[in-house]
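There are 4 protein chains.
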Amino acid sequence: MSTTKVAVVGASGYSGEELVRLLLAHPSAEIVCITSRQSAGRSVGEVFPRFRGLPGTSGLQFELPNPANIAGSGATLAFLALPHGAAAEIAVPLIEAGIRVIDLSADFRLRDPAVYAEFYGHPHPAPNLLTEAVYGLPERRSNEIRNARLVASPGCYPTSILLPLCPLLERGILDPAGIVISSMSGVSGAGRKADVSLLFAECNESVRAYGLPKHRHLSEIEQELSSAAGGNVRVTFNPHLVPITRGIQSTITARPSERGAERRIAEAYAAVYGKAPFVRLLGGDGPFPDTRHVALTNFIDIAWRFDDRTGTVILLSAEDNLTKGAAGQAIQSFNLMCGFPEIAGLL
Amino acid sequence: MSTTKVAVVGASGYSGEELVRLLLAHPSAEIVCITSRQSAGRSVGEVFPRFRGLPGTSGLQFELPNPANIAGSGATLAFLALPHGAAAEIAVPLIEAGIRVIDLSADFRLRDPAVYAEFYGHPHPAPNLLTEAVYGLPERRSNEIRNARLVASPGCYPTSILLPLCPLLERGILDPAGIVISSMSGVSGAGRKADVSLLFAECNESVRAYGLPKHRHLSEIEQELSSAAGGNVRVTFNPHLVPITRGIQSTITARPSERGAERRIAEAYAAVYGKAPFVRLLGGDGPFPDTRHVALTNFIDIAWRFDDRTGTVILLSAEDNLTKGAAGQAIQSFNLMCGFPEIAGLL
Amino acid sequence: MSTTKVAVVGASGYSGEELVRLLLAHPSAEIVCITSRQSAGRSVGEVFPRFRGLPGTSGLQFELPNPANIAGSGATLAFLALPHGAAAEIAVPLIEAGIRVIDLSADFRLRDPAVYAEFYGHPHPAPNLLTEAVYGLPERRSNEIRNARLVASPGCYPTSILLPLCPLLERGILDPAGIVISSMSGVSGAGRKADVSLLFAECNESVRAYGLPKHRHLSEIEQELSSAAGGNVRVTFNPHLVPITRGIQSTITARPSERGAERRIAEAYAAVYGKAPFVRLLGGDGPFPDTRHVALTNFIDIAWRFDDRTGTVILLSAEDNLTKGAAGQAIQSFNLMCGFPEIAGLL
Amino acid sequence: MSTTKVAVVGASGYSGEELVRLLLAHPSAEIVCITSRQSAGRSVGEVFPRFRGLPGTSGLQFELPNPANIAGSGATLAFLALPHGAAAEIAVPLIEAGIRVIDLSADFRLRDPAVYAEFYGHPHPAPNLLTEAVYGLPERRSNEIRNARLVASPGCYPTSILLPLCPLLERGILDPAGIVISSMSGVSGAGRKADVSLLFAECNESVRAYGLPKHRHLSEIEQELSSAAGGNVRVTFNPHLVPITRGIQSTITARPSERGAERRIAEAYAAVYGKAPFVRLLGGDGPFPDTRHVALTNFIDIAWRFDDRTGTVILLSAEDNLTKGAAGQAIQSFNLMCGFPEIAGLL
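Chains as they are written, first to last, in the numbering used here: chain A, 4 to 350; chain B, 4 to 350; chain C, 4 to 350; chain D, 4 to 350.
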């Protein structure tokens with residue numbers, strides 16, 4: 004197995020840190036460039052004491068997120084872990100320089116520039132790349148990912164919602180109307196930013212909803228659900244912040260579109276995810292997903308329940324928002340793009 | 004203001020501890036008897052180091068939960084903080100002895116013995132008392148509570164759900180069908196019991212659903228919602244365990260039954276809760292409820308949002324599961340029963 | 004009991020919030036002015052959702068920390084919960100305007116301006132007030148506090164260390180040389196400031212030393228220990244940050260200066276603290292202090308152990324850093340200054 | 004590199020779970036037998052949902068901890084993660100059956116049966132094996148470990164204390180008298196046992212000392228320190244429980260035995276640990292060790308400070324109590340015993 008030289012652009016946030024963690028352990032990736040505006044000039048071990056002394060870190064120093072630096076490093080693929088907006092800006096010159104890009108921001112996830120403008124409040128900075136970008140959910144788009152120049156890696160909430168819902172909407176098992184989603188996210192999901200509301204003393208012992216009823220991630224959730232259902236889908240999405248560092252738990256309530264859904268759900272999941280290395284099916288009467296059991300892994304655990312009393316189906320999922328919900332998923336795409344085994348560096 | 008002598012029966016659990024905390028500070032209550040099977044013979048300060056040195060604790064020693072002991076103490080009212088089943092057993096002789104009872108267990112919350120048997124798995128031990136017992140939600144039943152011999156104080160989940168929903172169902176503002184409730188509870192809600200799944204190392208960094216789709220508390224939730232709606236109501240109730248000690252956050256998604264709900268909700272809440280001392284209305288576009296802001300208080304914070312995109316209403320509430328969801332609410336009933344100001348000892 | 008009108012200056016931090024919490028419940032205090040540079044113009048309930056609806060909050064709005072505003076409010080006493088430096092600046096005009104001041108910052112805690120300059124890195128801004136200021140540890144200086152115009156309320160670490168150590172040094176029971184102190188503080192002790200190192204995701208699952216070997220609070224610790232011992236005392240002080248919101252636990256290792264210390268310690272503590280309402284003596288073989296048992300109280304719990312094997316004595320204390328370690332202690336001084344019972348509003 | 008077949012005996016506790024986690028990822032280990040009295044008959048994925056779907060788990064089922072089962076599995080080496088006492092019982096027949104043993108309990112850590120009896124309260128069950136057992140601290144005993152039949156893998160507290168202290172005592176840099184150690188341990192260190200004091204609601208927001216002044220681990224700490232110092236060493240050891248799941252932070256205060264210690268400490272550490280793959284030296288003026296940065300790794304981070312004011316040296320260390328403090332360290336010994344690279348499966 005050959006080695007791919009990669010750059011991690013914007014590596015000082017939580018997703019960037021997780022990318023570095025996973026890439027350092029990856030058998031076929033070599034980090035040759037790592038950038039961060041505020042950490043430029045410092046070594047990886049200084050910025051992330053956790054990585055001191057690990058193989059692959061010696062000599063690795065943060066640089067400015069300069070397209071020339073990145074191209075000059077010999078990297079043939081760049082992961083972008085930048086804030087929304089900043090990613091689009093650097094993606095264009097990188098792609099022009101022949102560097103493949105996996106973007107972890109929301110910049111290229113939406114097909115429709117009008118939806119982008121509606122949810123993000125300003126016109127899309129590089130609309131012509133939107134058509135080319137592949138929404139990088141490997142369980143659903145592996146072929147397109149393989150050949151992509153630009154992968155828009157999905158957000159943490161969308162991943163936790165799309166993987167349980169899409170196969171069932173696609174097969175017409177669930178009614179696409181009236182779906183209600185309640186999600187609980189760990190605090191790292193809000194990013195490593197100096198914000199009083201994210202202080203330990205503000206988040207500890209706190210559970211609170213936020214961003215509803217129109218959270219930004221709703222735009223990509225509905226885009227992909229609509230694509231799966233073959234028609235316009237609108238969902239109620241209620242996100243909450245809970246005092247854990249890593250993890251997202253999503254609980255989705257929907258209505259079967261016909262009788263026999265109980266059997267058909269199990270069959271659909273088995274058919275679609277039976278060989279998916281990172282989707283663990285906990286069944287219709289087994290244990291419930293638990294963020295603790297997926298933390299620091301690329302797994303998403305999915306369970307489901309029928310409620311005869313109300314005629315609803317409840318889908319439950321748990322993932323690590325920084326791994327399957329961000330960096331791990333991006334590396335899954337990376338593996339596909341480079342022809343490596345999908346699980347390389349992730350199991 | 005005179006003083007009422009009270010007993011706290013089963014005081015070594017979390018609800019019992021909270022009762023003791025609040026009663027010690029209550030201007031018109033005197034704890035004359037405190038019982039616990041496993042702590043009998045020990046002082047309050049030994050069992051609850053937090054209470055050492057507080058006025059009212061000297062000489063207070065745990066006794067066995069013996070009806071004769073309780074009656075002999077001079078108590079005219081007893082709070083029962085016992086496990087389900089044990090409460091009914093002791094309530095009968097206490098009431099016969101002329102002692103008024105506020106029961107914090109689920110034993111007397113259901114009107115219909117058949118529903119009790121369905122949800123609790125065995126016949127009700129004292130069905131004749133079910134008719135007499137008053138469901139002790141002071142915001143809805145203050146008159147009946149005032150004169151009750153036996154108050155069945157509501158559970159923590161039900162309180163967090165009934166207070167936001169009932170006024171809107173009662174006025175026909177919401178469609179009683181298709182309501183979806185997602186609740187997140189702190190770990191104290193599971194009780195102080197030696198159970199591996201409640202260990203710090205099992206709950207920390209863990210978010211998980213449990214008990215769905217037919218959690219026991221659903222029975223009283225639906226009983227009271229049906230009573231408010233004037234018809235049979237079935238809801239989807241998805242409870243979760245989150246790593247906080249105290250608090251419940253409930254997020255309720257429902258559908259308005261007609262246009263104009265936006266205005267009518269605000270009006271209904273203002274009318275019903277405008278003078279309720281423990282319901283704080285955060286409005287339709289203000290801050291979201293946060294368990295941290297109600298911890299150790301008897302407040303429940305309620306907010307709401309309209310989602311034009313899906314035509315749903317989202318109601319949100321936060322309360323302390325041990326205070327407004329258990330002991331504080333019980334003392335609110337106590338105040339009504341004794342003719343004290345409703346806020347005595349609680350603000 | 005009459006009522007004293009007070010101002011809380013710099014009320015938007017954690018100590019300020021705790022002052023407001025306690026003063027709202029105080030039977031003889033009325034908050035007539037509350038200031039905060041960044042929250043000016045907002046109501047108390049907006050800034051602290053926790054306090055919404057509490058008696059005494061209606062109409063209370065944050066103002067700019069302007070000496071004229073404060074004097075004009077009718078306040079006869081001002082609590083300063085400002086950053087170091089800012090407190091001294093405003094204390095001078097307030098005192099000149101005849102307003103008594105209880106300062107929770109470190110600005111007036113040191114007697115010697117040279118020590119201040121050494122530990123705080125700049126000359127003292129108002130050295131003439133240093134002589135007048137009383138170090139406000141009510142268990143040790145109640146008489147001076149009663150008549151003070153300016154009380155320098157002790158810091159959280161010093162309180163947790165001085166209360167166990169001073170009586171034993173004073174009586175010559177412990178050798179003043181070689182004392183080693185290990186303290187663990189909750190994150191609120193670092194203040195409500197937008198600092199990445201205080202984020203939930205940085206503090207959760209983290210235990211780390213910081214600020215050693217010459218933490219700023221060491222200056223006042225040694226000043227007061229020296230005063231108790233009647234000679235120069237130097238201690239090793241090792242502070243740590245632990246993932247709790249509130250609380251400080253201090254573990255102090257010292258050497259008895261002679262035989263019989265075991266008995267003499269118990270006697271000294273009983274003599275000094277037997278009637279101190281907020282010092283709870285857990286003894287030489289009882290339970291260990293636990294921050295959880297003092298949270299949100301003004302108690303400090305003290306225990307001790309003899310280690311025959313090494314000939315050392317271990318003193319242990321726990322307090323709430325925001326209550327006994329800050330706001331509660333300040334109100335204890337306030338009670339003394341106003342002739343109220345020492346426990347008013349605190350038990 | 005060949006593969007060694009191993010058994011994990013008593014795998015349902017936290018150390019056992021961590022052994023399984025590490026061994027599943029180890030390139031040269033194959034788990035052929037896994038035992039647990041209470042989980043016998045269940046699969047690994049059932050007991051540890053975290054491990055579902057990982058390579059090496061299919062077909063792996065818990066068996067009873069029967070020496071015959073273990074020997075029959077083909078394992079040539081057994082890890083014992085059993086409670087004290089139970090380990091000795093099974094170690095004897097395993098060794099007799101020619102199976103090498105790495106014991107994670109305290110059963111074989113003490114050389115002197117009298118010290119065992121003093122600290123554990125009963126005579127040692129297999130005193131003749133005590134002489135043979137090697138105290139498995141790879142940084143200090145690699146040669147003996149390589150050839151051992153029985154390795155007594157050190158406890159979590161001892162590891163965090165011995166690694167910083169031993170090299171300095173050995174070289175006479177520190178005075179062996181008067182050493183004071185303050186340690187803070189995560190809750191997993193107390194084991195996965197149904198004990199009310201370990202519940203989330205009892206540990207959250209709690210910091211408390213325990214077990215002092217004569218914690219059981221003190222016996223092995225002093226044995227090894229004495230061996231390093233070449234004379235009897237007695238230390239003050241103050242352990243605390245803090246609300247994290249994993250990690251130990253130790254802060255050690257000692258006195259240099261002569262001038263020039265500042266330089267000599269840095270030199271000694273560099274000489275001893277310069278090539279130790281799991282000891283990271285953070286220096287005398289760099290960052291402080293933080294449990295968060297070593298969690299789930301086999302690293303121990305060590306820093307130190309001189310306090311000119313008191314003439315003391317402060318040594319600080321952080322490790323994951325379950326990895327470097329238990330399972331990781333055991334696998335480090337395993338690697339040495341099998342001739343694998345010391346870092347195999349651990350970096």
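Cβ coordinates follow ideal geometry from the N, Cα and C atoms, glycine included. Small disclaimer: the values here were computed from a predicted structure and weren't measured.
Cα-Cα, which of Val154/C, Ala269/C, Ile303/C and Thr79/C is closest to Ala279/C? Looking up residue 279/C in the third sequence gives position 276. The candidate whose alpha carbon is nearest that of Ala279/C is Ile303/C.
Tell me which residues of the segment 204 to 224 of chain C have at least one Cβ-Cβ distance to chain A shorter than 8 Å, keeping chain order. Ala204, Glu205, Cys206, Asn207 and Glu208
Start and end residues, alpha helix (DSSP H) containing Ser222/C: Along the third sequence, one-based indexing puts residue 222/C at 219. Segment Leu221 to Ala232, the alpha helix (DSSP H) holding Ser222/C.
Need the endpoints of the alpha helix (DSSP H) that His296/A sits in, please. On the first sequence, residue 296/A is found 293 positions in, with the first residue counted as 1. Here the alpha helix (DSSP H) through His296/A covers Thr294 to Val297.
Against chain C, does Leu67/D count as a neighbour if the rule is that its beta carbon must be under 7 Å from one of theirs? Taking the first residue of the fourth sequence as position 1, residue 67/D is located at position 64. No, Leu67/D lies away from the interface with chain C (no Cβ there is under 7 Å from its Cβ).
Counting only Cβ-Cβ distances shorter than 8 Å, please list the residues of the segment 166 to 186 of chain A near chain B, keeping chain order. Gly181, Val183 and Ser185
Report yes or no: is there a C-beta of chain C within less than 7 Å of the C-beta of Pro290/B? Start at 1 with the first residue of the second sequence, and residue 290/B comes out as number 287. Closer than 7 Å: yes.
Starting from the Cα of Ala232/C, find the closest Cα among Leu165/C, Pro68/C and Ile98/C and give me that residue. In the third sequence, counting from the first residue as 1, residue 232/C sits at position 229. Cα-wise, what sits closest to Ala232/C is Leu165/C.
If the cut is a Cβ gap below 9 Å, which residues of chain B does Arg195/D touch? What you label residue 195/D is simply residue 192 of the fourth sequence in a count that begins at 1. By Cβ distance, chain B contributes Val199, Leu202, Ala204 and Glu205.
Contact list for Asp293/A against chain D, beta-carbon separation under 8 Å: Within the first sequence, residue 293/A is the residue found at index 290, counting from 1. Under the 8 Å cutoff, chain D gives Pro52.
Our contact map puts Gly234/A next to Pro179/A with C-beta atoms below 8 Å; I'd like the distance itself, whole angstroms only. Indexing the first sequence from 1 puts residue 234/A at position 231. Indexing the first sequence from 1 puts residue 179/A at position 176. Yes, Gly234/A and Pro179/A are in contact; Cβ-Cβ is about 7 Å, under 8 Å.
Checking the sheet assignment: what are the DSSP bridge partners for Ile251/A? Start at 1 with the first residue of the first sequence, and residue 251/A comes out as number 248. BP columns for Ile251/A point to Ser188/A and Glu322/A.
6 Å CB neighbourhood of Tyr119/D in its chain, flanking five on each side removed: Translated into positions along the fourth sequence, residue 119/D becomes position 116. These residues qualify, in order along the chain: Leu113 and His127.
Would you list the one or two residues that DSSP bridges to Cys36/D? One-based indexing of the fourth sequence puts residue 36/D at position 33. Answer is Ala10/D.
Tell me which residue opens and which closes the beta strand (DSSP E) that Leu80/B is part of. Counting from one through the second sequence, the residue named residue 80/B turns up at place 77. Unbroken beta strand (DSSP E) run through Leu80/B: Leu80 to Leu83.
Would Leu319/A pass as an interface residue toward chain B - the criterion being a Cβ-Cβ separation below 7 Å? As a first step, residue 319/A is located in the first sequence; it is residue number 316 there, counting from the start. It does; some Cβ of chain B falls within 7 Å.
Just checking: is the beta-carbon of Pro246/B within a distance shorter than 7 Å of some beta-carbon in chain A? As a first step, residue 246/B must be located in the second sequence, where it is residue number 243. Closer than 7 Å to some Cβ of chain A, the Cβ of Pro246/B qualifies, so yes.
Quick one, are the C-beta atoms of Leu133/A and Ala212/B less than 7 Å apart? On the first sequence, residue 133/A is found 130 positions in, with the first residue counted as 1. On the second sequence, residue 212/B is found 209 positions in, with the first residue counted as 1. No.
Separation of Gly19/C from Phe343/C, as counted between CA atoms: The sequence position of residue 343/C within the third sequence is 340, counting from 1. The sequence position of residue 19/C within the third sequence is 16, counting from 1. If you take the alpha carbons of Phe343/C and Gly19/C, they lie about 21 Å apart.
Could you tell me the distance, in whole angstroms, from the CA atom of Ala136/B to the CA atom of Leu153/B? The residue you call residue 136/B lines up with position 133 of the second sequence. The residue you call residue 153/B lines up with position 150 of the second sequence. Approximately 5 Å between the Cα atoms of the pair.
My parser needs the beta strand (DSSP E) runs of 3 or more residues fully inside the segment 43 to 105 of chain D; what are they? 80 to 83
Please tell me whether Thr79/C and Lys196/C are closer than 7 Å, where the distance is taken between their beta carbons. The sequence position of residue 79/C within the third sequence is 76, counting from 1. The sequence position of residue 196/C within the third sequence is 193, counting from 1. No; because the gap between Cβ atoms is not below 7 Å, this pair is not in contact.
Taking Phe376/C and Val23/C to be in contact with their CB atoms under 8 Å, please state how far apart those CB atoms are, rounded to whole angstroms. In the structure as shown, chain C begins at 4 and stops at 350. Residue 376/C is therefore absent and cannot be evaluated.
Please determine, among Thr294/D, Ala269/D and His87/D, the residue with the shortest C-alpha to C-alpha distance to Gly189/D. Mapped onto the fourth sequence, residue 189/D falls at position 186. Taking only the C-alpha atoms, the option nearest Gly189/D is Thr294/D.
Per DSSP, Arg211/C forms a beta bridge with which residues? By 1-based counting over the third sequence, the position of residue 211/C is 208. Note: Arg211/C sits in a beta bridge opposite Leu244/C and Asp293/D.
Let me check understanding here. Comparing Cα to Cα, which of Leu25/D, Val12/D, Gly59/D and Pro52/D lies closest to Gln41/D? On the fourth sequence, residue 41/D is found 38 positions in, with the first residue counted as 1. The shortest Cα separation from Gln41/D among Leu25/D, Val12/D, Gly59/D and Pro52/D belongs to Val12/D.
Complete runs of the beta strand (DSSP E) confined to the segment 96 to 163 of chain D [at least 3 residues]: 103 to 106 and 153 to 155
How far does the beta strand (DSSP E) with Leu284/B in it extend, from its first residue to its last? The count along the second sequence starts at 1 and reaches residue 284/B at position 281. Where Leu284/B is concerned, the enclosing beta strand (DSSP E) stretches over Val282 to Gly286.
Give the range of the alpha helix (DSSP H) segment to which Ala269/B is assigned. Here residue 269/B corresponds to residue number 266 of the second sequence, with the count starting at 1. Looking at the DSSP string, the run of the alpha helix (DSSP H) that includes Ala269/B is Ala264 to Tyr276.
Of the listed residues Leu339/C, Ile346/C and Leu350/C, nearest to Ile148/C (C-alpha basis): Stepping through the third sequence from its first residue, residue 148/C is reached at position 145. For Ile148/C, the nearest C-alpha among the options comes from Leu339/C.
Exposure of Thr256/B, with buried meaning 16 or more beta-carbon neighbours within 10 Å: Sequence index remark: in the second sequence, residue 256/B carries index 253 (1-based). By the 10 Å Cβ count, Thr256/B comes out buried.
Could you work out which residues of chain B lie near Arg312/A, taking near to mean beta carbons separated by less than 8 Å? Taking the first sequence and counting its residues from 1, the one referred to as residue 312/A is at position 309. Simply Pro216, Lys217 and Arg237.
Compute the distance between the beta-carbons of Gly348/B and His29/B, then report whether it is under 7 Å. Position 345 of the second sequence, counting from 1, holds the residue named residue 348/B. Position 26 of the second sequence, counting from 1, holds the residue named residue 29/B. Closer than 7 Å, so yes.
In angstroms, rounded to a whole number, what distance separates the CA positions of Thr300/B and Tyr17/B? The count along the second sequence starts at 1 and reaches residue 300/B at position 297. The count along the second sequence starts at 1 and reaches residue 17/B at position 14. Cα-Cα distance, rounded: 15 Å.
Using 7 Å as the threshold, is the C-beta distance between Ala306/D and Pro292/D below it? Here the question's residue 306/D lines up with position 303 in the fourth sequence. Here the question's residue 292/D lines up with position 289 in the fourth sequence. Closer than 7 Å, so yes.
Tell me whether Ala28/B sits in a helix, a strand or coil according to DSSP, three-state version. Position 25 of the second sequence holds residue 28/B. Ala28/B falls in the coil class under three-state DSSP.
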